[in-house]
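Visitor:
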Amino acid sequence: MDDSRDMFGDTPPWDDKEEEEAAPTKAQLEEAGQASMFGDSEPALPEPVAPEPVVAAEPVVAEPAAAPTLEAKPTPAKAAPAAVGVPAQPYRVLARKYRPQTFAELIGQEAMVQTLANAIRRDRLAHAFLMTGVRGVGKTSTARLIAKALNCIGPDGQGGPTIDPCGQCEPCQAIAEGRHIDVIEMDAASHTGVDDVREIIEAVRYAAVSARYKIYIIDEVHMLSRNAFNALLKTLEEPPAHVKFLFATTEVDKLPVTVLSRCQRFDLRRIPAPMLAAHFAKVCGLEGVDAESEALAMVAAAAEGSVRDGLSILDQAIAHADLDGEGQVRAEKVRDMLGLSDKSVQRALITAILDGRGGELLNLIAHQFALGVEPIAMMRGLMTLVHRIAVAQVGGGAHDAHSAEEREAIEGWAKALKAGQVHRIWQLLIKGHEEVKSAPDPLVAAQMALLRIMHASDMPDPGTLVKKLEDLAARVPAGVPGGVDGAPAGPTAVAAVTPEMVARRWEELVDDVEHMGELSTANTMRMQVRVVELASGMLRYSQPPGFSEDITGLLRACLAKATGDRWEVHRVLEQGTPTLVEQAEARKNAESDAVNQHPLVLATKAAFPQAAIIEDDRPLAVGGGARNWRR
């Protein structure tokens, strides 16, 4: 026992209870450590009258003595100054801040909203929906709105599926905040494999935890692999009653037909520019920002039908606005930010082109280029203006103009210019746009393209030119040679030496020889044979100057082979009928003379003294064998 006393001390084990009662509690030890850390010499508990700030941050102990610390609630007021420099919530961009929370806030998709509303009212909900369209028109937002509409229970908790979710119940708030356990969002761009789809297939068997439907939102669904699509097909075709699939994609053509056939498809259209401008004006009103209507119209045009792109540009425009101008979003600042050509300068460019003032045109181009406007942007701005002029000619006015000055200028050009002039300027602008885009020096290419348009803008259109030539031809004196009857009787008189029947018979014989395969002999007969006399089985011929070789034997053999008869062929020194080649040349010359002596050609040469007719020997595209004439 003495050894036990040496080992455990003099106090018996059954007397340890007194030491345990005398030992400090855990809370006292922790308080003592806190006090010594902050420099308090006495480890005693603080007085309730003046509690230390540390007591408020102290965790509540399970003992009843720690409960009074809950009464010291005024202590967070001392901790508040530490959080003064930290913003309550970081800035959210407009595209996220004004994301639609109800179908009423979803702009430009009335047909889809009506279809969904009818389906919900009639309880004809599909098990899979597919939203397609360009970026930023509301595909993912629509999927979330559908999830809220299907799982909304109303403020009283007794509601059912509705096209107007309340936004107050727990499912609506959880879905809006992205934390609902039964609404699973998956990005197919980062989950493309079969394993990711297998997780969905395994999870759909279980019922929803707290919602009416378990909803899977798969964004950019076209990024799934082929095997992943195939693995999803059976579940997509016959899912459990509590499961809904919502797909969103910008490239619907990449989806297999088997997937498309299992979904109810909604094509979200681009938002029109006027509707976007009105929406941006509303957003500016909510943000307390003053913006010019022309500036909002520029932002809407640059958005190209995308709400998200437009809100991003508007966010940048608000940040770009001058603070000295009270933060107003002005058109000139937006124009500078987007690198657009000034509309007033566009009108000045068109005026210089139509008036033929080349120096002023080049100065305007140089000024725009110095301001940072790219030449390709100048060409696009002019194309837009010319298009609006053409539309004003057809529609009767420039109803989309943002100012009275712009409307007056467009309507004035629409009345002063002819439709042919406007379309010719448009075609030249299209050609100039391609040249500027591919040229090594875009500025020089833009200058040359606009100068070409300036020189061609006052030229008459083809219809006016033909009418002018016809008027000149009607005033030609009656004594001018050539007339309605056609060609003069010059070279054609040579062909009248031999009777027409004989000439036609000789051409038929030459064609027969050629069809037998004797191409060389047929060419020789066309070039060297002047027929003096042609009868049944008899040919007397002569050769033109320059040909001395005797071809009598060759002609006799080929003619006998072609006709099957015996031929007598004699070479004589008489003149004879011109060869077939000489006859073709004579006809060609006669046709040329007839064309040159035509009254319309004479009137054209009188109007354009340096004009010349160029003969094109290429055959026509259809038929062939004829000759083309071009100016």
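Numbering (this note's numbering), first residue to last: 427 to 1057. Backbone N, C-alpha and C define an ideal beta-carbon position, used for all residues, glycine too.
If LEU672 sits next to PHE555, beta carbons under 8 Å apart, how far is it from one beta carbon to the other, in whole angstroms?
Guide: Contact flag correct, Cβ pair sits at about 5 Å.
Visitor: Give the straight-line distance between the Cα atoms of LEU659 and ASP867, rounded to the nearest whole angstrom.
Guide: 54 Å
Visitor: How should GLY736 be labelled, buried or exposed, when 16 other C-beta atoms within 10 angstroms of its C-beta is the threshold for buried?
Guide: When all chains shown are included, GLY736 counts as buried.
Visitor: If we ignore side chains and look at the alpha-carbon of each, how far apart do ARG878 and LEU780 end up?
Guide: Roughly 12 Å separates the two Cα atoms.
Visitor: Quick check on DSSP: helix, strand or coil for SER462?
Guide: For SER462, the pLDDT reaches just 43, beneath the cut-off of 50, and the residue's location in the model is therefore unreliable, leaving the point undetermined.
Visitor: Given this structure, state the Cα-to-Cα distance separating VAL733 from VAL519, to the nearest angstrom.
Guide: 13 Å
Visitor: If you run the structure through DSSP and keep just helix, strand and coil, what is THR675?
Guide: DSSP places THR675 within a strand segment (E or B) once states are collapsed to three.
Visitor: From LEU788 to ALA872, what distance separates their C-alpha atoms?
Guide: Take the alpha-carbon of LEU788 and the one of ALA872: they are about 10 Å apart.
Visitor: Which ranges would you report for the beta strand (DSSP E) in the stretch 956-995 if only whole runs of at least 3 residues count?
Guide: Fully enclosed beta strand (DSSP E) runs of 3 or longer: 956-961, 964-968.
Visitor: Taking DSSP as the reference, what is the three-state secondary structure of GLN847?
Guide: If DSSP states are grouped into helix, strand and coil, GLN847 belongs with the helices.
Visitor: Within its chain, find whatever has a CB closer than 8 Å to the CB of ALA602; leave out the 5 residues flanking it on each side and keep chain order.
Guide: GLN527, ARG570, LYS574, GLY593
Visitor: Can you tell me the Cα-Cα spacing of GLU618 and ALA654, whole angstroms?
Guide: Per the sequence shown, the amino acid found at residue 618 is Thr instead of Glu. If I take the Cα positions, the gap works out to 7 Å.
Visitor: Determine the DSSP secondary structure at ARG997, reduced to helix, strand or coil.
Guide: strand
Visitor: Suppose contacts are defined by Cβ-Cβ distances below 8 Å. Is ASP613 in contact with ALA634 by that definition?
Guide: no
Visitor: According to DSSP, is PHE706 part of a helix, a strand, or is it coil?
Guide: Correct three-state label for PHE706: helix.
Visitor: Do three or more CB pairs link the stretch 945-965 to the stretch 981-991 at distances below 8 Å?
Guide: Flag = yes, the stretch 945-965 and the stretch 981-991 touch.
Visitor: Enumerate, from N- to C-terminal direction, the unbroken beta strand (DSSP E) stretches of 3 or more residues contained entirely within the stretch 773-802.
Guide: Secondary structure remark: continuous beta strand (DSSP E) runs of at least 3 residues inside the stretch 773-802: none found.
Visitor: What is the DSSP secondary structure of ALA554, counted as helix, strand or coil?
Guide: Three-state result, ALA554: strand.
Visitor: Classify VAL755 as helix, strand or coil using the three-state DSSP reduction.
Guide: strand
Visitor: What are the start and end residues of each continuous alpha helix (DSSP H) run of 4 or more residues lying completely inside the stretch 684-739, in chain order?
Guide: 699-713, 719-729
Visitor: With burial defined as no fewer than 16 other Cβ atoms inside 10 Å of the residue's Cβ, what is the status of GLY912: buried or exposed?
Guide: Because the pLDDT of GLY912 is 41, which lies under 50, any placement of that residue in the model is unreliable, and the number read from its coordinates should be weighed accordingly. Residue burial annotation: GLY912 is exposed, with fewer than 16 other C-beta atoms found within 10 angstroms of its C-beta.
Visitor: Helix or strand or just coil, what does DSSP make of MET805?
Guide: helix
Visitor: In angstroms with no decimal places, state the Cα-to-Cα distance between GLY785 and ALA703.
Guide: The straight-line gap from Cα to Cα measures roughly 38 Å.
Visitor: Nearest to ARG550 by CA position, among ASP590, PRO516, VAL939, GLN690, is which residue?
Guide: GLN690
Visitor: Could you tell me the alpha carbon to alpha carbon distance between CYS598 and ALA792, rounded to whole angstroms?
Guide: 57 Å
Visitor: Beta carbon of GLY1058, beta carbon of ARG652: below 8 Å?
Guide: One cannot answer for residue 1058 here, as it falls past the ends of the chain, which runs 427 to 1057.
Visitor: Grouping DSSP H, G and I as helix and E and B as strand, with all else coil, what is GLU536?
Guide: helix
Visitor: Give a yes or no on whether the C-beta atoms belonging to LEU740 and VAL709 are separated by under 8 Å.
Guide: yes
Visitor: For the alpha helix (DSSP H) containing MET649, name the first residue and the last one.
Guide: Boundaries cannot be given for MET649, as no alpha helix (DSSP H) includes it and DSSP labels it neither H nor E.
Visitor: Using CA atoms only, rank isn't needed, just tell me which of GLN853, ALA842, VAL760, HIS941 is closest to GLU718.
Guide: VAL760
Visitor: Sorted by chain position, which residues of the same chain lie with C-beta nearer than 8 Å to MET649's C-beta, five sequence neighbours on each side aside?
Guide: ALA614, ALA615, THR618
Visitor: Over what stretch of residues does the beta strand (DSSP E) that includes GLU1061 continue unbroken?
Guide: In the structure as shown, the chain starts at 427 and stops at 1057, and residue 1061 therefore has no counterpart that could be examined.
Visitor: Cutting at 7 Å between CB atoms, please list the residues of its own chain near ALA521, excluding the five before and the five after it.
Guide: Around ALA521: ARG734, LEU737, SER738.
Visitor: Tell me the rounded alpha-carbon separation between GLU677 and ARG783.
Guide: Roughly 48 Å separates the two Cα atoms.
Visitor: Tell me whether VAL560 sits in a helix, a strand or coil according to DSSP, three-state version.
Guide: coil
Visitor: How should PHE1034 be labelled, buried or exposed, when 16 other C-beta atoms within 10 angstroms of its C-beta is the threshold for buried?
Guide: exposed
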